[in-house]
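Protein chains in written order, with my numbering: chain C, 348 to 511; chain R, 4 to 301. Report on the following structure.
If you want it as structure tokens, here you go:
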């Protein structure tokens, strides 16, 4: 198979770098420079971030890390991308206390007073990013993937006692 | 301890070996430097009163004194990856560098893949290949949690992986897994010579293909978690006969006790150079069992 034929058939379509990173800058104040050298691809509703300017000439199941998903004009950052880049967010980011973090980790919703715009936010605990939350009218809803949630009975060895 | 008696003459202190095999494995994890650093992580665990102790031989490895490390918040955030101590050896022997092109031929569930990605500092290209659809889900999930952006996942049959050139290739081959008995005792009951020989028929062409895919000067690492020479030295010596201009390099990980690879077994001669391979027995470092060979393409 020639190089071009495999590339043309690739379901991963390259995206404009500036267009993607400006969305993150505008929502979270994340500096564009942190994404320097990376490239972005879209497949279906998912946008992927990849370390090299071009994807290799192979039949790929995935390319780098799922960065965000897009539905119409609404986009949602993945928890994994926020865990990697969210620490430099300067807005729409919130650091929770131990009880709040416990609820978030268990996948629950909770009321929260914070200086956040409605929409997706970076949620952290003791300065380390836990993942993505959805903030709307004073309520924070955990967006942690189900397989990553830790239910309350398992949580005792999970939260740092130094946090309270 | 089915199937271990055959190793009485090759394992030193066979009694201690059997005794170690009957104990359960210590809980261990690796610090993921893509998301945190060692000092910060150890500070957090200490503050949370999680008893942890770094390995003597690898500063990113940790022994954890708790039953369910999966419930640690640091696991959710991808700051640690729960991984058996001895399996951290293959990426260290592979020694990948940032910006290189690396292939992990039998990658699922991705413990070694994510270790390689962090050693590459999320740069260059790491192809994580595994043909099994069911295992690719766990591979992708582990790569995402680790925050690896330099990994592409493919699902080729490794024996027929497309012709591309790589600086380094890891073949962490499917095997009978006797070395994992401390985690799951049933692997010993499932072992048979027939199974070892059946897997050898897969392991040999996997390693041969890996050697073909390595660039001149490139490195190939072959590892298994079994003691059976049929799946270890008998695979490496066969592959060395098949592909020209490939030589063995001595495997040496400082601070870990090991035995040299076998020169012969049950009348089969593998050659003196097999002593450059390393066999790690459970009683030597209180780990699982492991075999590692390092090959250099000239």
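Don't be surprised by glycine CBs; every beta carbon is placed ideally from N, CA and C.
>> Please report whether the beta-carbon of residue 157/R lies at a distance below 7 Å from any beta-carbon of chain C.
In response: Closer than 7 Å to some Cβ of chain C, the Cβ of residue 157/R qualifies, so yes.
> Count the other CB atoms within 10 Å of the CB of residue 8/R; is the residue buried (16 or more) or exposed (fewer)?
Replying inline: Exposure of residue 8/R is indicated by the presence of fewer than 16 other C-beta atoms within 10 angstroms of its C-beta.
> To the nearest angstrom, how far is it from the Cα of residue 146/R to the Cα of residue 494/C?
Replying inline: For residue 146/R and residue 494/C, the distance between alpha carbons rounds to 14 Å.
> At which residues does the alpha helix (DSSP H) containing residue 286/R begin and terminate?
Replying inline: Where residue 286/R is concerned, the enclosing alpha helix (DSSP H) starts and stops at 285 to 288.
> So, are the CB atoms of residue 152/R and residue 411/C less than 7 Å apart?
Replying inline: Yes, these two residues count as a Cβ contact at 7 Å.
> Mind pulling the chain C residues with CB within less than 7 Å of residue 147/R?
Replying inline: 412, 413, 427, listed in chain order.
> Under 7 Å between C-beta atoms, does residue 299/R make it to chain C?
Replying inline: Chain C places no beta carbon closer than 7 Å to that of residue 299/R, leaving this residue out of the contacts.
>> With a threshold of 8 Å, are at least 3 pairs of Cβ atoms found where one atom belongs to the segment 242 to 255 of chain R and the other to the segment 184 to 201 of chain R?
In response: Counting Cβ pairs under 8 Å, fewer than three are found: no touch.
> Interface residues of chain R around residue 495/C at Cβ under 8 Å?
Replying inline: Here the neighbours are 79, 148.
> From the beta carbon of residue 431/C, is the nearest beta carbon of chain A less than 7 Å away?
Replying inline: Among the protein chains of the structure shown, namely C and R, there is no chain A.
> Going along chain R, which residues have a C-beta under 7 Å from residue 406/C?
Replying inline: Those are 157, listed as they occur along chain R.
>> Please list, in chain order, the residues of the segment 124 to 146 of chain R that have any C-beta partner in chain C closer than 8 Å.
In response: The residues in question are 125, 126, 127, 128, 130, 139, 143, 144, 146.
>> Is there a Cβ of chain R sitting closer than 7 Å to that of residue 475/C, yes or no?
In response: Answer yes: the Cβ-Cβ gap between residue 475/C and chain R drops below 7 Å somewhere.
> Between which two residues does the alpha helix (DSSP H) containing residue 86/R stretch?
Replying inline: Secondary structure note for residue 86/R: it is in no alpha helix (DSSP H), with a DSSP letter that is neither H nor E.
> Is the CB of residue 484/C under 7 Å away from at least one CB in chain R?
Replying inline: False, the Cβ-Cβ gap to chain R never drops below 7 Å.
> Given a limit of 8 Å on CB to CB distance, which residues of the segment 435 to 446 of chain C reach chain R?
Replying inline: Listed by position along the chain: nothing, the set is empty.
> Apart from the five residues on each side of it in sequence, which residues of its chain come closer than 6 Å, Cβ to Cβ, to residue 183/R?
Replying inline: So the qualifying residues of the chain are 190, 228, 291.
> For chain R, is any of its Cβ atoms less than 7 Å away from the one on residue 362/C?
Replying inline: No, residue 362/C does not count as interfacial toward chain R.
> Residues in its own chain within less than 8 Å of residue 432/C by CB, not counting five upstream and five downstream?
Replying inline: The answer, listed in chain order, is 371, 377, 381, 382.
>> Please report the straight-line C-alpha distance between residue 422/C and residue 179/R, rounded to a whole angstrom.
In response: If you draw a straight line from the Cα of residue 422/C to the Cα of residue 179/R, it comes to about 46 Å.
>> If you reduce the DSSP assignment to three classes, tell me which class residue 35/R lands in.
In response: Coil.
> When the Cα atoms are used, what is the spatial distance from residue 287/R to residue 15/R?
Replying inline: Roughly 9 Å separates the two Cα atoms.
> What does DSSP give as the partner residues of residue 241/R in its beta bridges?
Replying inline: Residue 241/R is not bridged to any residue.
> For the candidate residues 78/R, 273/R, 267/R, whose alpha-carbon lies nearest to that of residue 497/C?
Replying inline: Cα-wise, what sits closest to residue 497/C is 78/R.
>> I'd like to know whether the C-beta of residue 152/R is nearer than 7 Å to at least one C-beta of chain C.
In response: Yes - at least one Cβ of chain C is within 7 Å of the one on residue 152/R.
>> I'd like the span of the alpha helix (DSSP H) that includes residue 76/R, first residue to last.
In response: Residue range 76 to 79 is occupied by the alpha helix (DSSP H) that includes residue 76/R.
> Starting from residue 422/C and walking both ways along the beta strand (DSSP E), at which residues does that stretch end?
Replying inline: 421 to 424 is the span of the beta strand (DSSP E), which, as asked, contains residue 422/C.
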